[in-house]
Amino acid sequence: MIGTGGIYKGGVTMAAILPVAAAAMVQKGATVATSQPVVWHFLGFPFEAACMIAALFGCFAARLWIGAAQAVRKEHRWTLDIPVTGMALAVSAALIVSQRPEPLGALLYGAALGILGEGIFKIAERYLQKAGTVFGIDVDKADT
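In our numbering, the protein residues as written are -12 to 131.
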């Protein structure tokens, strides 16, 4: 190979050997593993587990931390707060299954829907107070 054009002949030989060596390595299983997200299925719809966990955490945290200091929550815990929280969590889960966002986007979707759940809670609380005045029931008093 050191004769005339030896370096070029050596380069051509190496260029021919590299694909063969790469094919042999693939057959032996010497490849680089890439990470794949965990995909769960619900009713046949696939979604990434990290996105669902992030969205449900964001929604639940927003619902919990926004209303934690309100005395109204204690009065209407079972009649308003739990159903509204369940509805917000269900809408968050449905949004994640249908849109399949990145985990940060899923966290923001969940938090935003948790905050919207707070608005729904306030609207339901007003209707409950209106119904109490119509029917002559004092809903502002706590049960003693």
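Where a beta carbon is used, it is the ideal one built from N, C-alpha and C, also for glycine.
The Cβ neighbour count for residue 84, taken over all protein chains shown within 10 Å, is at least 16; the residue is labelled buried. A residue is called buried once 16 or more other Cβ atoms fall within 10 Å of its Cβ, and residue 51, having fewer, is exposed.
Relative to residue 67, the option among 38, 30 and 115 whose CA is nearest is 115. Cβ contact annotation for residue 36 (same chain, cutoff 8 angstroms, sequence separation greater than five): 24, 25, 26 and 27, in chain order. With a minimum length of 3 residues, the unbroken runs of beta strand (DSSP E) contained wholly in the stretch 30 to 84 fall at 32 to 35. When DSSP states are grouped into helix, strand and coil, residue 25 belongs to the coil group. At a Cβ-Cβ threshold of 8 angstroms, residue 105 and residue 54 count as neighbours.
Under the three-state reduction of DSSP output, residue 124 falls in the coil class, being neither helix nor strand. The beta carbons of residue 43 and residue 123 sit no closer together than 8 angstroms.
Taking the Cα of residue 113 as reference, the smallest distance to any Cα among 63, 86 and 95 is reached at 63. In this structure, residue 71 lies near residue 111, with their beta-carbon atoms less than 8 angstroms apart. Nearest C-alpha to residue 33 among 119, 102, 118 and 82: 82. By the CB criterion at 8 angstroms, residue 45 and residue 95 fall inside the cutoff.
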